[in-house]
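Worksheet: the structure to be examined is printed underneath.
Protein chains: 2
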Amino acid sequence: MQRSIEPRKKPRQARAAATVEAILQAAAHILEREGLAALNTNHIAERAGVSVGSLYQYFPTKQAIMTEIIRRKRRRLVDAITLSLQAGEGESFDERLDRLIAAAIEHQIEWPRLARNLEIAEAFLPLQEETEALNQALADKIGCFLGHQGIGDVAVATMDLIALVRGMIDAAGLAGETDRTFLAERIGRAARGYLLLPQAAVKTRSMGHSKGIAQRRGSGPTHRR
Amino acid sequence: MQRSIEPRKKPRQARAAATVEAILQAAAHILEREGLAALNTNHIAERAGVSVGSLYQYFPTKQAIMTEIIRRKRRRLVDAITLSLQAGEGESFDERLDRLIAAAIEHQIEWPRLARNLEIAEAFLPLQEETEALNQALADKIGCFLGHQGIGDVAVATMDLIALVRGMIDAAGLAGETDRTFLAERIGRAARGYLLLPQAAVKTRSMGHSKGIAQRRGSGPTHRR
DNA sequence: GAGAAAAGCGAGTAATCGCTCAGATAATAG
DNA sequence: CTATTATCTGAGCGATTACTCGCTTTTCTC
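In the order they appear, the protein sequences are chains A and B.
Just so it is clear: in the first sequence, position 105 is 477 by my numbering, and no numbers are missing.
Just so it is clear: in the second sequence, position 126 is 498 by my numbering, and no numbers are missing.
Laid out in structure tokens, this is it:
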């Protein structure tokens, strides 16, 4: 039932490498311009200027193509975050936070529909593990940064910050915003509020049927199963 | 090319109404437990304990089923937001904000994968108009609430707040969190930071190739096309 | 150059899945 | 009861599309 999503074979000649690039390029292009529904293997091959046969030499399934695109994008994100943290070494907390936010915006806002369609495509791919790993990698880097700031629960804070930043950038991107500075300023306010405002004393205003065990506080997010 | 997404006919007998409910129930169940990829009409019918034929008596297309689920969920959201604002009339800003956040959490966290998959499914449905209308309805209510707080650009603020809150709740839900109080407190900090922290003077630290026209400021989000 | 290996081709196959329709069954009316 | 209307059934049609395979062309090796 479940077919492979791993690449089939490595290209050995230059033209083969070019073919692989053309395929990925074409798929990304279709995702940005025509949407997920238009993404079928015949169309990808056509747009890439190769035959379906060639496509299937390097990717055993259509999902493998999407997987590779997602993996590359993730690699770029991790790199960008890493770089932005390195670049800001020695700077103030505020400056470094701004760098982080700017890097995230730059990464996500350039091709907003591609970004969104990739997130959607993930729903059809068996990538939960890799997603966890990515989040872990980001959490490590960002958590290390936050750790120096006396933030309490670093794991939770990291998850929240990523979610907050992603949510706001995605919404802005889909709304057609291109002014990165304005967006960065707004995200910065939310992030600073999250990180710096005092934690409210836990008023136990009961909040509906709280059917969970009162776990949590300083042990990281609970993962299902 | 585009088929209808409106219900086909109203059930007139009790058992027919039960059939419709069973179908919607089954579809939602599949979305929560098995994911979007497993959502096909044969499977829905099977799980609902009816035949495909019956399914197509009430829903002309598969998309019509998803549309109905989404519409119901939206109706519940608007109702919950409205109620939470009414309930808090006369209370302080802080209390009302907390009510809003609690309502959003209650709405989104119960079936987190269903919520996520519905958002994804929307990408395949011709619901832009309704989505705009929903956002407008929420923006009106929330904007009216925010308007009394001296927030500058209410439209942008509303969009940002919704994105921020949704992002954080979704992430927490998918991570398996069930402690609503803890989550509400964190979201509250981010929201308050966004709303109450002073807008930073616009430092023109150039942020990459800012290829957009410097539009924006106080005129609401720019929508594509 | 010859031979081998890699890359490319694209018509065709097979599987999936949305959806129909001809007829069976149940509820309701008179 | 009969007639009528509402509901339900599920085998299978049709369209889409992921994927294969036998063959050709290009590049590499010696």
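Even glycine gets a Cβ: it sits at the ideal position worked out from N, Cα and C.
So what does DSSP say about residue i, is it helix, strand or coil?
| i | result |
| --- | --- |
| A:V537 | helix |
| A:D551 | coil |
| B:K381 | coil |
| A:A390 | helix |
| B:P570 | coil |
| B:T576 | Note that B:T576 scores 47 on pLDDT, short of 50, meaning its location in the model is unreliable; the coordinates nonetheless yield the value given after this. It is coil, neither helix nor strand. |
| B:F496 | coil |
| B:I523 | coil |
| B:T503 | helix |
| A:L472 | helix |
| B:T439 | helix |
| B:E463 | coil |
| B:R375 | coil |
| B:P432 | coil |
| A:E482 | coil |
| A:G407 | coil |
| A:N412 | coil |
| A:S606 | Because chain A is modelled from 373 through 597, residue 606 of chain A falls outside the range shown and cannot be assessed. |
| B:I421 | The question names Ile, but residue 421 of chain B is Gly in the sequence shown. Note: B:G421 maps to coil in three-state DSSP. |
Can you name, in chain order, every residue of its own chain whose Cβ lies under 8 Å from the Cβ of residue i, other than the five neighbours on each side?
| i | result |
| --- | --- |
| B:N414 | V424 |
| B:Q521 | F465, L567 |
| B:E549 | I481, L555 |
| A:L510 | L449, V450, I453, T530, I534 |
| B:L455 | A475 |
| A:I492 | L408 |
| B:F517 | L457, R468, L472 |
| A:D470 | A556, G560 |
| A:A436 | S376, I377, E378, P379, R380 |
| A:A544 | I481, L555 |
| A:L486 | A400, L403, E404 |
| B:R538 | A476, Q480 |
Considering only C-alpha positions, which residue in the set the options is nearest to residue i?
| i | options | result |
| --- | --- | --- |
| B:G421 | B:E461, B:A409, B:V392, B:F431 | B:V392 |
| B:M540 | A:R384, A:A547, A:A562 | A:A562 |
| A:R375 | A:V537, A:R564, A:G460, A:F431 | A:F431 |
| A:T433 | A:G519, A:F496, A:A390, A:T503 | A:F496 |
| B:W360 | B:A410, B:P570, B:D532, B:K445 | It is not possible to answer for residue 360 of chain B, since the shown part of chain B is limited to 373 through 597. |
| B:A527 | B:Y428, B:Q508, B:L569 | B:Q508 |
| A:I523 | A:Y428, A:L490, A:R564 | A:R564 |
| B:I416 | B:D542, B:I395, B:E501 | B:I395 |
| A:T570 | B:A487, B:R380, B:E504, B:E557 | For clarity, residue 570 of chain A is Pro in the given sequence; the question names Thr instead. It is B:E557. |
| B:R447 | B:L506, B:P379, B:G545 | B:L506 |
| A:T553 | A:L427, A:E478, A:R538, A:N489 | A:E478 |
| B:L490 | B:A572, B:R387, B:L411 | B:L411 |
Excluding the 5 residues flanking residue i on each side, which residues of the same chain have their C-beta closer than 6 Å to its C-beta?
| i | result |
| --- | --- |
| B:I514 | T530 |
| B:A547 | none |
| A:R468 | G460 |
| B:A389 | P383 |
Does at least one heavy atom of the ligand GDP sit under 6 Å from the Cβ of residue i?
| i | result |
| --- | --- |
| A:D470 | Looking for the ligand GDP in the displayed structure turns up nothing, as the structure carries no ligands at all. |
For residue i, which residues of its own chain have a beta-carbon under 7 Å away from its beta-carbon, when the five flanking residues on both sides are left out?
| i | result |
| --- | --- |
| A:E327 | Because chain A here runs from 373 to 597, residue 327 of chain A falls outside it and cannot be looked at. |
Requested in this report: Mind checking the stretch 443-456 of chain B against chain A and listing, in chain order, the residues whose C-beta falls within less than 8 Å of any C-beta there?
Outcome: Those would be none; no residue qualifies.
Query raised in the report: Touching or not, the stretch 432-440 of chain A and the stretch 381-401 of chain A, by the rule of three or more beta carbon pairs under 8 Å?
Result: When Cβ pairs closer than 8 Å are counted between the two stretches, the stretch 432-440 of chain A is seen to touch the stretch 381-401 of chain A, the count reaching three or more.
Report task. Can you give me, in chain order, the residues of the stretch 561-572 of chain A that have a beta carbon less than 9 Å from any beta carbon in chain B? Result -> Within the stretch 561-572 of chain A, contact with chain B at the beta-carbon level (separation under 9 Å) is assigned to R561, A562, A563, R564, G565, Y566, L567, L568, L569, P570, Q571, A572.
Query raised in the report: At a Cβ cut of 8 Å, what residues of the stretch 496-516 of chain A count as close to chain B, listed as they run along the chain?
Result: Along the stretch 496-516 of chain A, going in chain order, the ones with a CB nearer than 8 Å to a CB of chain B are F496.
Requested in this report: Would you list, in chain order, the members of the stretch 428-441 of chain A that have their beta-carbon closer than 7 Å to a beta-carbon of chain B?
Outcome: Hits within the stretch: zero.
Query raised in the report: In the stretch 404-420 of chain A, which residues sit with their C-beta less than 9 Å from some C-beta in chain B, listed in chain order?
Result: The stretch 404-420 of chain A vs chain B, Cβ under 9 Å: G407, L408, A409.
Query raised in the report: What are the residues of the stretch 465-496 of chain A that lie near chain B, defined by any Cβ-Cβ distance shorter than 7 Å?
Result: Only those residues of the stretch 465-496 of chain A whose C-beta falls short of 7 Å from the nearest C-beta of chain B are listed: A474, E478, I492, A495, F496.
Report task. Please list the residues of the stretch 539-554 of chain A that have a C-beta atom closer than 9 Å to any C-beta atom in chain B, keeping them in chain order. Result -> From the stretch 539-554 of chain A, only G539, M540, I541, D542, A543, A544, L546, A547, G548, E549, T550, D551, R552, T553, F554 have a Cβ closer than 9 Å to chain B.
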